[in-house]
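J.: I have a structure I would like to understand better, so I am pasting it below and will then ask my questions one at a time.
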Amino acid sequence: VQTSERKEYPIKGFQRDPKKYVILPSHARDLHVKAVARLARLEELAEKTSLNRLEQGSSDIGIITNGIAYQYVKEVMPDAWILKLGMSYPLPMGKIKELASKVKKLFIVEELEPFIEEQVKAQGIKCEGKKYWSNLGELSPDRVALGFYNAGIIKEKFEVKEKEDVVPRPPIFCPGCPHRGLFYNLNKLKAVVTTDIGCYTLGALPPISAGDTCVEMGASIGVGVGMAKARGDGKGIVATIGDSTFLHSGMTGLLNAVNDNAGITVVIADNSITAMTGGQFHPGTGETLSGENGTQVNLKKICEALGVKRIREVDTYDLEETKRVLKEEMETDELSVIITKRPCALFPPEMRKIVKQTPFTVDLEKCVGCKTCFKVACPAIGLSEEKTEKGLFKSNIDPALCTGCSVCAQVCPVGAIVPLK
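Note that our numbering numbers the sequence shown so that position 258 is 911, with each residue one more than the last.
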C-alpha cells in the first residue's frame, strides 16, 4: 500500500441552500430532476472509468462479475472474456453490449441476488446466472466451477469438495461478563425476554437460552409493550437493553411504556461502555468519543424523569440477589426498571481493577462431573482429564481466562469451585 503525505484542508463552513437541504415537496421535485441528471452523468462515467474493465479472452465465453467473485472466475475460467465491474450501478451497458457481441454465451457470476443479471436481461441481452449459482450463501472457486460444469462449459465431471468438519465455536459471553448472571437467571425464571442489539443478545444462544426476540436497535422495550398489550398484562415479560443502546434509542420506548401503563420489566444492562463494537464511550461514561471529559448522565435519574416509579439496581455477580429482584419485579403489575451495575470485563482497561482478580479453580476431590457449571457458558470452564467413579469427566477452569467473577462457584451444587490459592 502506497501512502502520500497528509494534506490539511480548511473547514469550509456551512453554505445556506434551503432548496437543497430543506426537503419540502416543492424542493423535492426539483431535486428529483437533479438526481436523474446526476445518474445520467454516472452512466457516462461507468463507460469511461477504469473501474469497469473488459479483459480479452481466447474462448467464446463471456462473463460479467464483480467483487470476490471475479477472483473465483479468473481461477476457474482463465480463458474467458471477463467484464470486471468495479462500479455495479449504474452498469456500463455499452461495454456489456460490446462483450455480448464478441461471445456465444454470456454468464453473470454474482453473489446473492441477481442484481446485475436482471438489469442486463432488462436490456434484452441474453445471459444466464442464477440458473447455475444460488442466491444463498457465498460463492467459492468450487461453487463457481460447479456452475460452469452444470452449464456444460466445463466438461470434466466436477464435485464440490465438502469442508472438513471443525469443532463449532458459537459466540458466547466473555469470561467475567456482567450479562452472564442476568441472563442465567432470566432463563431460570422462564421469562419472556425481548432483547436488543449488543453483547447481551448472545444471551439468546444455548446453553443460557434467554432471548425470544431481537429486531433492531432500541426495539426491545416497544416489542415488550406490544406483547403486554396483546396479552392483556406484562407479568413475566422482560425487555433487556444495554446502557449505550438505551441512551441511543431506548428512552423513547421507555417513555411510551410509561404512557401506556405497560406492566413489563425493563432491564438496563449497564456495563459502562459500548462493548460490542470495541469499547466506545457514550453519554453514560462521562467521556466523549475523542476521550475528552463530558457530562456523565445518570440512568436512574433519566428513568425517574421519564416517569418510572419502580427502579431497582443490582449487581449481576450476586446471583441470588439478581434472581430475587427479577422475580419481584416480574410479578408486579406496574412498569419497573432494573439497572444492572457492573462494568464490562474488557473495556476500558482501567475498569478491570473493579473485577475480582483472584481466579477460581475446581476442587477435583469434590467435583462430581454434573456439568452444572457449563450452564453459565463461560469460556474459562472446560473438562479435566480426571473422571468420577461413574466415568464422568470433571470440570476444569483455565486460570489465565478466569476473572474471578464467582458466578460458576455460585451455581456449583457441591461447592467444588473455590478461589485459587
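Built from N, CA and C at the ideal position, the CB exists for glycine as well. This structure is a prediction, so every number in the text was calculated from the model and none was measured.
Can the beta-carbon of C827 be found closer than 7 Å to that of M929?
T.: Taking 7 Å as the Cβ cut-off, C827 and M929 do not qualify as a contacting pair.
J.: Looking at A922: is its Cβ nearer than 7 Å to the Cβ of G887?
T.: No, the Cβ-Cβ distance between A922 and G887 is not below 7 Å.
J.: Less than 7 Å between the beta carbons of K757 and D713, yes or no?
T.: Yes. Within cutoff.
J.: In whole angstroms, what is the alpha-carbon distance linking T938 and E1042?
T.: Near 51 Å, if we compare the C-alpha coordinates of E1042 and T938.
J.: Let me know the secondary structure DSSP gives I825 once reduced to three states.
T.: Coil at I825, not helix or strand.
J.: Could you check how far apart the C-beta atoms of P671 and I825 are, in whole angstroms? I think they sit under 8 Å.
T.: The pair is not a contact, with the Cβ atoms about 52 Å apart (cut-off 8 Å).
J.: With the cut-off set at 7 Å, would you say L1045 and G1068 are in Cβ contact?
T.: Contact flag unset, no.
J.: Going by DSSP, what residue range makes up the alpha helix (DSSP H) through F1000?
T.: No alpha helix (DSSP H) holds F1000; DSSP gives it neither H nor E.
J.: Would L835 be called buried (16 or more neighbouring beta carbons within 10 Å of its own) or exposed?
T.: Its Cβ being crowded by 16 or more others within 10 Å, L835 is buried.
J.: Do E987 and R963 count as a contact pair if the criterion is CB distance below 7 Å?
T.: Yes, the Cβ-Cβ distance between R963 and E987 is below 7 Å.
J.: Of all the options G710, P743, K774, which has the alpha carbon lying nearest to the alpha carbon of A688?
T.: Closest by alpha carbon: P743.
J.: Give the secondary structure of G747 by DSSP, where H, G and I count as helix, E and B as strand, and everything else as coil.
T.: Here G747 sits in helix by DSSP.
J.: Per DSSP, W734 is paired with what?
T.: According to DSSP, which records beta bridges pairwise, W734 is partnered with G715.
J.: With a cut-off of 8 Å, do at least 3 Cβ pairs link the stretch 688-701 to the stretch 711-728?
T.: Result no; under three Cβ-Cβ pairs closer than 8 Å.
J.: Use the C-beta contact count for G1102: other C-beta atoms within 10 angstroms, 16 or more gives buried, fewer gives exposed.
T.: For the chain, the structure presents residues 654 to 1074; residue 1102 sits outside this window and is missing.
J.: Could you compute how far the alpha carbon of G777 sits from the alpha carbon of E809?
T.: Near 32 Å, if we compare the C-alpha coordinates of E809 and G777.
J.: Check whether the Cβ of G1035 lies closer than 6 Å to any heavy atom of the ligand ATP, and answer yes or no.
T.: For the ligand ATP, the structure offers nothing, since it holds no ligand at all.
J.: In this structure, does DSSP put Q933 in helix, strand or coil?
T.: If DSSP states are grouped into helix, strand and coil, Q933 belongs with the strands.
J.: Kindly say whether V686, judged by its beta-carbon, lies nearer than 7 Å to any beta-carbon of chain C.
T.: Although the question refers to chain C, the structure presented lacks it and comprises just one protein chain.
J.: What runs of the alpha helix (DSSP H), each 4 residues or longer, lie entirely inside the stretch 861-885?
T.: DSSP runs (the alpha helix (DSSP H)) wholly in the stretch 861-885: 872-884.
J.: Buried or exposed: where does P731 fall if 16 or more other Cβ atoms within 10 Å of its Cβ makes it buried?
T.: Counting Cβ neighbours within 10 Å, P731 comes out exposed, since fewer than 16 surround it.
J.: Where does the unbroken beta strand (DSSP E) through T628 begin, and where does it stop?
T.: This structure gives no information on residue 628, because the portion of the chain shown stretches from 654 to 1074.
J.: Can you grab the Cα-Cα spacing for the pair R884 / I917, in whole Å?
T.: C-alpha separation (whole angstroms): 12 Å.
J.: On a CA-only basis, which of E781, K814, E764 is nearest G790? Give me that one, please.
T.: Answer by Cα proximity: E764.
J.: Would you call S657 buried or exposed, if buried means 16 or more other Cβ atoms sit within 10 Å of its Cβ?
T.: Exposed, because fewer than 16 other Cβ atoms sit within 10 Å of the Cβ of S657.
J.: Which whole-angstrom value is the C-beta distance of F1013 and P1072, which I expect to be below 8 Å?
T.: With 8 Å as the limit, F1013 and P1072 qualify as a contact, their Cβ atoms being about 6 Å apart.
J.: I'd like to know whether the C-beta atoms of T854 and T847 end up nearer to each other than 7 Å.
T.: No, they are not a contact pair.
J.: State the DSSP-derived secondary structure class of F667, mapped to helix, strand or coil.
T.: Of the three classes helix, strand and coil, the one that applies to F667 here is coil, per DSSP.
J.: Do the CB positions of I874 and G903 come within less than 7 Å of each other?
T.: For I874 and G903, yes; Cβs fall inside 7 Å.
J.: Check whether the Cβ atoms of S1037 and N1049 lie closer than 7 Å to each other.
T.: Closer than 7 Å, so yes.
J.: Go to F1013, then tell me how far its beta strand (DSSP E) extends in each direction, as first and last residue.
T.: From DSSP, the beta strand (DSSP E) with F1013 extends over 1013-1015.
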